[in-house]
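S.K.: Following our numbering, the numbering of the sequence shown begins with 969 at its first residue and continues without gaps.
All C-beta atoms, glycine included, are put in the ideal place defined by N, C-alpha and C.
This is the structure, below, for whatever I ask next.
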Amino acid sequence: MKSKIFTFILGVVLLGLPFHFSYGQGARYTGSYTESAAIQHVGKSNFVIEGSAFTSSSSSKYLIVLYSCKNVIIRNNKFGSSPVNLAIYLDNCENITIIDNTFENVQSGMVAHNSRGIKFEYNDMTNVVGPLKGGGKIGNMAIFDKVTGPGNSISYNVCENISGESSPEDIINVNQSHGTSESPIMVRGNWLHGGGPSSSGGGIILGDVGGSYQIAENNIVVDPGQYGISIAGGNNMTLRNNKVFSSRKSYNNVGIYAANWYESLGNSYNITVTNNAVNYTNRDGVLNNFWFAGNVEPIEGKATNVYDRNLSASILPDKIIGRARTATTPGEEIPG
């Protein structure tokens, strides 16, 4: 009886609370934007940047740049078209949340350097332009560079790269970054479609130039580039429950790999690759689903990974950008 009364009271209470329901990856904001010039803040705390539209800036390399800032929310903004500008750059920042933003035709989406407590979540990105229009040589949707401590996440984002209009390197890159055993760096639930033509870039890379306590899980990656999802070094790294598909491309190599490219920085250990499903065709038209280097062995869970011949491009919906703004039922977030 107590349980029933509690359930009823809880339900009544919840009806009075404002909710922001979401049924999928990507930006959920449906409001308007106000045009804004590029923004720079130094040593500022406890503020919000929201509802703004940022386009190309000739006066700044960045559309938003924060130096030594804390407790900031960047939400409900639109970036682009801005093919030579990096949209958001963070340096020595703490507790920054970037959520429900839309990026279109930007050189790169977000770079967080030497920072802590960074969340890049529920964002839409169309076309990481990279060097295609004369911008920087390396283009990413999101990169953690020397990001440390608990509470770091690149999750529930959508990225669509259209061939001929984009040139990403690693769509998501975690470089020289360290989570904690209790709060690893999370790369979770992202939908990535399209990559190349870089001969070295791909979907998601953990442990680039080392690092520790990083997890990539429940991501879906289609035609991502030279590789699908990878571990490039470091320790206490995990890839689990991801799906990777690619048809034959001239730059393709391997679906999922783990290797320590940086042995001079230390050994790799506590590497887990488990319950991933892959159907990846390399540049020669040959299936090349997994590759594991000897210098990261033993790999926990290696036998649980599978080639799934039924995986195809349909593991993602035909339309992934803007989907979270129109989904009405939980089932819509789950592709075929």
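Report the CB separation of M1093 from V1126 in whole angstroms; it is logged as a contact under 8 angstroms.
M.R.: Position 125 of the sequence shown holds residue 1093. Position 158 of the sequence shown holds residue 1126. Yes, M1093 and V1126 are in contact; Cβ-Cβ is about 7 angstroms, under 8 angstroms.
S.K.: How big is the Cα-Cα spacing for E1231 and Y997?
M.R.: Counting from one through the sequence shown, the residue named residue 1231 turns up at place 263. Counting from one through the sequence shown, the residue named residue 997 turns up at place 29. Taking the straight line from one Cα to the other gives about 44 angstroms.
S.K.: Using DSSP with H/G/I as helix, E/B as strand and the rest coil, what is L1233?
M.R.: Within the sequence shown, the letter at position 265 stands for residue 1233. Note: L1233 maps to helix in three-state DSSP.
S.K.: With a 10 Å radius around its C-beta and 16 neighbouring C-beta atoms as the bar for buried, classify E1128 as buried or exposed.
M.R.: As a first step, residue 1128 must be located in the sequence shown, where it is residue number 160. Buried is the call here.
S.K.: For I1199, which residues from the same chain have a beta carbon less than 6 angstroms from its beta carbon, with the 5 sequence-adjacent residues on both sides left out?
M.R.: Numbered from its first residue, the sequence shown carries residue 1199 at position 231. Cβ neighbours of I1199 beyond the five flanking positions: L1174, G1175, M1205 and A1226.
S.K.: Comparing C-alpha positions only, which one of T1148, G1170 and S1131 sits nearest to A1110?
M.R.: In the sequence shown, the residue the question calls residue 1110 occupies position 142. Looking at the Cα atoms, G1170 is the closest of the given residues.
S.K.: Put A1164 into one of helix, strand or coil per three-state DSSP.
M.R.: Here residue 1164 is taken as the residue at index 196 of the sequence shown, counted from 1. Correcting the residue identity first, residue 1164 is Gly in this sequence and not Ala. Coil, per DSSP.
S.K.: Taking the beta strand (DSSP E) that A1080 falls in, what are its first and last residues?
M.R.: Here the question's residue 1080 lines up with position 112 in the sequence shown. Its beta strand (DSSP E) spans residues T1070 to H1081.
S.K.: Considering only the beta carbon of each residue, do N1108 and V1074 sit closer than 8 angstroms?
M.R.: Here residue 1108 refers to the residue found at position 140 when the sequence shown is read from its first residue. Here residue 1074 refers to the residue found at position 106 when the sequence shown is read from its first residue. Contact: no.
S.K.: Which residue's Cα is closest to the Cα of N1082: G1201, N1143 and D1276?
M.R.: Counted from its first residue, the sequence shown places residue 1082 at position 114. Minimum Cα distance to N1082 is reached at N1143.
S.K.: Can you tell me whether G1163 is buried or exposed? The criterion is at least 16 other CB atoms within 10 Å of its CB, across all chains shown.
M.R.: Indexing the sequence shown from 1 puts residue 1163 at position 195. Flag for G1163 reads buried.
S.K.: Mark T1116 as exposed unless 16 or more other C-beta atoms lie within 10 angstroms of its C-beta, in which case mark it buried.
M.R.: In the sequence shown, counting from the first residue as 1, residue 1116 sits at position 148. So T1116 ends up on the buried side.
S.K.: Tell me the DSSP bridge mates of D1276?
M.R.: The count along the sequence shown starts at 1 and reaches residue 1276 at position 308. D1276 pairs with nothing; no bridge assigned.
S.K.: Quick one: give me the first and last residue of the alpha helix (DSSP H) that R1293 is part of.
M.R.: Indexing the sequence shown from 1 puts residue 1293 at position 325. Run containing R1293: R1291 to T1294, per the alpha helix (DSSP H) assignment.
S.K.: Here's a check: name, in chain order, each residue in its chain whose Cβ is nearer than 6 angstroms to the Cβ of K1287, leaving out the five neighbours to either side.
M.R.: Taking the sequence shown and counting its residues from 1, the one referred to as residue 1287 is at position 319. Answer for K1287: no residue qualifies.
S.K.: Whole angstroms are fine: how far does the CA of N1235 sit from the CA of G1290?
M.R.: To locate residue 1290, count along the sequence shown from 1; it is residue 322. To locate residue 1235, count along the sequence shown from 1; it is residue 267. Looking at the two C-alpha atoms, the distance is approximately 42 angstroms.
S.K.: If we ignore side chains and look at the alpha-carbon of each, how far apart do G1223 and Y1001 end up?
M.R.: Position 255 of the sequence shown, counted from the start, is the residue given in the question as residue 1223. Position 33 of the sequence shown, counted from the start, is the residue given in the question as residue 1001. Each residue's Cα considered, the two are about 39 angstroms apart.
S.K.: Have a look at V1212 and N1221 and give me their C-alpha separation to the nearest angstrom.
M.R.: On the sequence shown, residue 1212 is found 244 positions in, with the first residue counted as 1. On the sequence shown, residue 1221 is found 253 positions in, with the first residue counted as 1. Going from the Cα of V1212 to the Cα of N1221 covers about 13 angstroms.
S.K.: State the Cα-Cα distance for the pair R1293 and I1267, rounded to the nearest angstrom.
M.R.: Numbered from 1 along the sequence shown, position 325 holds the residue referred to as residue 1293. Numbered from 1 along the sequence shown, position 299 holds the residue referred to as residue 1267. Each residue's Cα considered, the two are about 39 angstroms apart.
S.K.: Would you kindly report the start and end of the unbroken beta strand (DSSP E) that includes A1184?
M.R.: Start at 1 with the first residue of the sequence shown, and residue 1184 comes out as number 216. Segment G1170 to E1185, the beta strand (DSSP E) holding A1184.
S.K.: Between which residues of its own chain and I1033 is the CB-CB distance below 6 angstroms, once the five residues before and five after are set aside?
M.R.: Residue numbering aside, residue 1033 sits at position 65 when the sequence shown is read from its first letter. In the sequence as displayed, the identity of residue 1033 is Val instead of Ile. Here the set comprises Q1008 and Y1057.
S.K.: Within a Cβ cutoff of 6 angstroms, which residues of the same chain sit near N1044, ignoring the five residues on either side of it in sequence?
M.R.: Within the sequence shown, residue 1044 is the residue found at index 76, counting from 1. For N1044, where only same-chain residues beyond five positions count, the Cβ hits under 6 angstroms are Y997, E1018, G1019 and D1068.
S.K.: Are the CB atoms of S1180 and G1147 nearer to each other than 8 angstroms?
M.R.: Here the question's residue 1180 lines up with position 212 in the sequence shown. Here the question's residue 1147 lines up with position 179 in the sequence shown. Yes, they are a contact pair.
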